[in-house]
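Chains as they are written, first to last, in our numbering: chain W, 1 to 343; chain D, 344 to 841; chain L, 842 to 1197. Where a beta carbon is used, it is the ideal one built from N, C-alpha and C, also for glycine. Computed from a prediction, not measured in an experiment: that's the story for all the values here.
Shown next as structure tokens:
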């Protein structure tokens, strides 16, 4: 057997996109540090805030990455997350239910909607785009059916969960003191990181995860190889439903309210995160670590605009668009050059 | 010997077609059993029935004496039936190692044991004398290695029955021999192997028995020494092969003018420098191995690959080809090698497929009327004997041979001066093959210059006036078609210029 | 024209199912409101009124966009940027109408720039943006869904920056005509829709362009080798879709006499894609049907009307829209159609009918 050096393992062409994401993130971060280092861009707090402000996108992106790797797409995530917020808000404020009951109901709703969509996609052969679009309309409609107004979430359980935080400390003169400016991680950040770890484990260490890649590579082949294509696809959409609900909980903790129009267009933000994280929309390629950096990369741009203070926030959208363009060009380049090598 | 597999009275009906009609088949443990028949005879359908891809309408399957009903390929694998399907059926994005172990990865501590997967895969591939990095994605490697990978997967499953459906199509001679060694090895271990191939020599080289199908019917099962090659072909085709052996080469006068001349053409990425010329009404054969530069030359003459130097003249006028459209304007036509990917437009009707080249030459602003299209299509359906109820049938639903005829019709309708055919007879049955060769020669007779690329030397020698021999992306020789033998050409291909 | 029009092939056609669905919804509407089909003439505005007119009128933007989307989908792609282009067109038009405005003022019946610029520049810009999409797809070889995601993400940003993030209103009466005027007793958007639908139908079916689009959609490589300039076809289709989005954008902003970069054209891409798919064009490309798309677009709008009539609160429209669309899509799905086609074929056989 040929011994594999660490170097040759790391230079495997399949990792190029992940390197590109990490590289561009570092470049933009360095750029920010150069311009606004004196205003505090380099602090731990700024970095941790990238996680805090975008945890809900990140959590949803974990499920979305899996869906995209199978070659599918899920447009319902924003609406399902929004509906989760409505469940919690309406349940606690109007029906006087315990938040955990509401969360449980939301989980059942999200996962079963996901499984149902997966079933329709696989067995009725309706394109994923159309199926999940219908799912999105449905979830949004139910949101509006519950309430058109924004409902505040007032419940001590939610309050305590939302305000629970771990302060980052450093060791000075024999004492642990809070670092300055004060930085902390909260429940959302932990949930985000845990989901990324779970996602990585599923994708890299389980047969289910590898089947996801196989289906994305060539669904017909996967089925001829005897892999459980239908079951895997349905479960992936179910898992993504779970991620949407968790993202919805995280968002509810973040804004402490439920609103029928919240997270509109969120699905595309999530897809954008995955794409700039190196996931191919054609399926078969993508890594959780790439998605993690995709989320960070997408969130560092608004941070830069905030630090600048003069730019309209709209520039953020344009910058994200340009970033997408850049990544798509890199992907094209990688695909073409790997083909040339083969020839 | 004991039968490991027995299929009795299998019938499968597709809409409008009886794909299999009461077919019996048996396989002994420790034998290599060839399954033969033309395209559409039902070989693949029988295999798909056995592997659970298609459901049978009637009949019974017994494995080791127990009745089985495979529901899907996964189920078939569990039952002990492992298959290499006709086209590479692996996932290009997964590593070679993973393709071999997908769905049955060894586990350790609740997770996949990658180390074991990679080391076992390396071992397996080295059995085929392939020392490659098995952690790279499959798409990184050539088709031959991909095919070997799928064979390695099927072999490693350690099934009772191994099915190999056209496994040798993209392998070279050495690789085929390696595969045969592995097959013999498995046979001696008591595995039953079903082997499907179009290459008659390979059948005689490796199998013990053979079963012949024709039009969904069982013709018979024979020991390998019971039938000669000629008898075998006659049984497969069901009619005499005189057609093939009665073809007459096109007649070209020595002083007839040149139709197309390419002088020292080439580009950086494919072929550096090649000169070919073809006379009016001549048939120029291109011989050489896959990858020797035959297809690349054709692509340059058709404007698919742009030339960076050299010039091409058509009837003494220099022409510049930037894209296929230009070539079509100059009445050059090209039937590509990969029919499915580059030729047929499956979802469109036969009518639309046939009118396409004519229409694209005229541009979309000068459309043909529906009636004109129908007339054109029906003319060629009749002329080429395309088997279809009418011209509105989807081209993708036709058999391989008929699809090839539709593509040929597309180019005949464009009334070419030069017709380039890249492997037009690959993967189609002998009857259709003979017909396509006859058509080629008829075109020559009507003054069209035909460039004919093929891997099968006998058909090249049978039809060509002159033969260009390619090797390592260069032209190494040009021989007279009437005065050469297969051995002459093989020698040049193997050793370089004569 | 076609000889093989037997029951089985009709039952297999998605367009048939779309028409049946539309009929059923209309019939239920009629059952609830017997005056549903009535159309009256209002002399004061010179326009016809009625539920049917209203449905067609309000579906104008989606119908117009979905004409372009049909071709994009027939090519095997999707254009996500159309909604953003609607916002861009509105922003440019209003910018030209109210170039003088630095802050909010009561709009008068005037335009700062010549009216011809107000109409043409948005269309040209949108067409160019469409061309940009087409360029990425044709020359860059990028998947359409990703290529158009770029403009979808930053298109609204562009619209906001063009108008400095402000919302203008106008009172210019020639501009009002586009969305609220009338011609030949019909609301202007209906007239524009008819012109667009007829133009696209003629362009695709009376030339060979439609066949080229279908060919490239099914097999780009084979189409190129048959001499079709696939790049040219792709560029034209995306340019056309951009242009049509611009027209829809003008209608939309004329209806509200304002620009609304946040909400103009929101989810239009989704509705347009849905209209095309309900209309029987496969998302994987190939054969397309202009009539089917028209019916698809009408279905979507009729459902909204239907839901109002059913007395369901307006906010729940989306949910019921989803349910009805789900039914239509499930009925259209391949396995279900095959099932019905088989049954139809059997019935023909039993009754002794002849099949080709």
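*Can you list, in chain order, the residues of its chain whose CB lies under 6 Å from that of residue 486 of chain D, leaving out five sequence neighbours each side?*
On the second chain, residue 486 of chain D is found 143 positions in, with the first residue counted as 1. Answer for residue 486 of chain D: 513, listed in chain order.
*Tell me residue 376 of chain D's beta-bridge partners as DSSP assigns them.*
Mapped onto the second chain, residue 376 of chain D falls at position 33. Bridge partners of residue 376 of chain D: D:537, D:552.
*asked:* Using a Cβ-Cβ distance cut-off of 8 Å, determine whether residue 256 of chain W contacts chain D.
replied: For the purposes of this step, residue 256 of chain W is taken as the residue at position 256 of the first chain. For residue 256 of chain W, the answer is no, since every Cβ of chain D falls outside 8 Å of its Cβ.
*With 16 other CB atoms within 10 Å as the buried threshold, where does residue 345 of chain D fall?*
In the second chain, the residue the question calls residue 345 of chain D occupies position 2. The residue in question, residue 345 of chain D, is exposed, as its Cβ has fewer than 16 Cβ neighbours within 10 Å.
*Quick one, which residues of the segment 621-653 of chain D are near chain W if we go by CB-CB under 9 Å, in chain order?*
none
*Does residue 224 of chain W have its Cβ less than 8 Å from a Cβ in chain D?*
Locating residue 224 of chain W in the first chain gives position 224, where the first residue counts as 1. Yes, contact with chain D.
_Chain-order list of residues whose beta-carbon lies under 8 Å from that of residue 958 of chain L (same chain, five-residue window excluded)_ = To locate residue 958 of chain L, count along the third chain from 1; it is residue 117. Cβ neighbours of residue 958 of chain L beyond the five flanking positions: 937.
*Touch check for the segment 271-278 of chain W and the segment 296-315 of chain W: three-plus C-beta pairs under 8 Å?*
yes
_Between residue 304 of chain W and chain L, is any beta-carbon pair separated by less than 8 Å?_
The sequence position of residue 304 of chain W within the first chain is 304, counting from 1. Answer no: the Cβ-Cβ gap between residue 304 of chain W and chain L never drops below 8 Å.
*Let me know if residue 787 of chain D comes out buried or exposed under the rule of 16 or more other beta-carbons within 10 Å of its beta-carbon.*
Indexing the second chain from 1 puts residue 787 of chain D at position 444. When all chains shown are included, residue 787 of chain D counts as buried.
*What are the boundary residues of the beta strand (DSSP E) that includes residue 176 of chain W?*
For the purposes of this step, residue 176 of chain W is identified with residue 176 of the first chain, where counting begins at 1. Segment 175-178, the beta strand (DSSP E) holding residue 176 of chain W.
*Would you kindly work out how many angstroms separate the C-alpha atoms of residue 796 of chain D and residue 748 of chain D, rounded to a whole number?*
In the second chain, counting from the first residue as 1, residue 796 of chain D sits at position 453. In the second chain, counting from the first residue as 1, residue 748 of chain D sits at position 405. Computed Cα separation, rounded: 16 Å.
*Using the beta-carbon of each residue, which ones in chain B are nearer than 7 Å to residue 1065 of chain L?*
No chain B appears in this structure, whose protein chains are W, D and L.
_Exposed unless 16 or more other CB atoms sit within 10 angstroms - verdict on residue 737 of chain D_ = Here residue 737 of chain D is taken as the residue at index 394 of the second chain, counted from 1. Under this definition residue 737 of chain D is a buried residue.
*Assign residue 216 of chain W to buried or exposed, taking buried as 16 or more other Cβ atoms, counted over all protein chains shown, within 10 Å of its Cβ.*
For the purposes of this step, residue 216 of chain W is taken as the residue at position 216 of the first chain. The residue in question, residue 216 of chain W, is buried, as its Cβ has 16 or more Cβ neighbours within 10 Å.
*Under 7 Å from any heavy atom of the ligand GDP, does the C-beta of residue 207 of chain W make it?*
Absence of the ligand GDP is noted for the structure shown, with no ligands found whatsoever.
*For residue 57 of chain W, go through chain L and note every residue whose CB falls closer than 9 Å to its CB, in chain order.*
On the first chain, position 57 is the one that residue 57 of chain W refers to. Simply none; closest approach about 14 Å.
*Within the chosen definition, does the segment 865-880 of chain L reach the segment 1096-1103 of chain L through at least 3 CB pairs nearer than 8 Å?*
no
*Closer than 7 Å, Cβ to Cβ, to anything on chain L: give me those residues from the segment 680-708 of chain D, in chain order.*
684, 685, 686, 687, 688, 689, 690, 691, 695, 699, 700, 702, 703, 704, 707, 708
*By the 10 Å Cβ neighbour count, where 16 or more other Cβ atoms means buried, how is residue 342 of chain W classified, buried or exposed?*
The sequence position of residue 342 of chain W within the first chain is 342, counting from 1. With a pLDDT of 43 at residue 342 of chain W, under the threshold of 50, the modelled position of that residue is not reliable, and the figure given next carries that caveat. Exposed, since its Cβ has fewer than 16 Cβ neighbours within 10 Å.
*Verify the CB distance criterion: does residue 434 of chain D have a CB-CB separation below 8 Å to chain W?*
Stepping through the second chain from its first residue, residue 434 of chain D is reached at position 91. With 8 Å as the cut-off, residue 434 of chain D counts as an interface residue toward chain W.
*Since residue 881 of chain L is in the beta strand (DSSP E), which residue starts that stretch and which ends it?*
Along the third chain, one-based indexing puts residue 881 of chain L at 40. From DSSP, the beta strand (DSSP E) with residue 881 of chain L extends over 880-883.
*Can a CB atom of chain D be found closer than 8 Å to the CB of residue 93 of chain W?*
In the first chain, counting from the first residue as 1, residue 93 of chain W sits at position 93. It does not: the Cβ of residue 93 of chain W has no partner Cβ on chain D nearer than 8 Å.
*On the three-state DSSP scale, how would you describe residue 394 of chain D?*
Residue numbering aside, residue 394 of chain D sits at position 51 when the second chain is read from its first letter. Of the three classes helix, strand and coil, the one that applies to residue 394 of chain D here is coil, per DSSP.
*Could you pull out every unbroken beta strand (DSSP E) segment of at least 3 residues lying fully inside the segment 626-659 of chain D, listed in chain order?*
626-630, 652-657
*Is the Cβ of residue 1210 of chain L closer than 8 Å to any Cβ of chain D?*
Residue 1210 of chain L lies beyond the residue range present for chain L, which begins at 842 and ends at 1197; the question has no answer from this structure.
*7 Å CB neighbourhood of residue 823 of chain D in its chain, flanking five on each side removed*: Indexing the second chain from 1 puts residue 823 of chain D at position 480. Hits under 7 Å: 809.
*Applying a beta-carbon distance threshold of less than 8 Å, which residues of chain D neighbour residue 1070 of chain L?*
In the third chain, the residue the question calls residue 1070 of chain L occupies position 229. Chain D residues near residue 1070 of chain L: 666, 668, 703.
*Would a check of beta-carbon distances place residue 677 of chain D closer than 8 Å to chain L?*
Your numbering for residue 677 of chain D matches position 334 in the second chain. By this cut-off, residue 677 of chain D is an interface position.
*By Cβ distance, which residues of its chain are closer than 7 Å to residue 90 of chain W, with the 5 residues on each side in sequence left out?*
Against the first chain, residue 90 of chain W aligns to sequence position 90. Taken in chain order, the residues that qualify are 146, 147, 151, 258.
*What residues in its chain sit with their C-beta under 6 Å from that of residue 202 of chain W, if we drop five residues either side in the sequence?*
On the first chain, position 202 is the one that residue 202 of chain W refers to. Closer than 6 Å at the Cβ level, and outside the excluded window around residue 202 of chain W, lie 209.
*In terms of residues, what are the limits of the alpha helix (DSSP H) holding residue 904 of chain L?*
Position 63 of the third chain holds residue 904 of chain L. Unbroken alpha helix (DSSP H) run through residue 904 of chain L: 901-915.
*Would the beta-carbon of residue 60 of chain W fall within 8 Å of that of residue 189 of chain W?*
Position 60 of the first chain holds residue 60 of chain W. Position 189 of the first chain holds residue 189 of chain W. In this structure, residue 189 of chain W does not lie closer than 8 Å to residue 60 of chain W by Cβ.
*What first and last residue would you give for the alpha helix (DSSP H) that runs through residue 57 of chain W?*
The sequence position of residue 57 of chain W within the first chain is 57, counting from 1. Run containing residue 57 of chain W: 44-69, per the alpha helix (DSSP H) assignment.
*asked:* Taking the straight line between their C-alpha atoms, what separation do you get for residue 702 of chain D and residue 710 of chain D?
replied: Start at 1 with the first residue of the second chain, and residue 702 of chain D comes out as number 359. Start at 1 with the first residue of the second chain, and residue 710 of chain D comes out as number 367. Straight-line Cα distance between these residues: approximately 7 Å.
_Spatial neighbours of residue 837 of chain D within its chain, please: C-beta separation below 8 Å, excluding the five flanking residues on both sides._
Sequence index remark: in the second chain, residue 837 of chain D carries index 494 (1-based). Answer for residue 837 of chain D: no residue qualifies.
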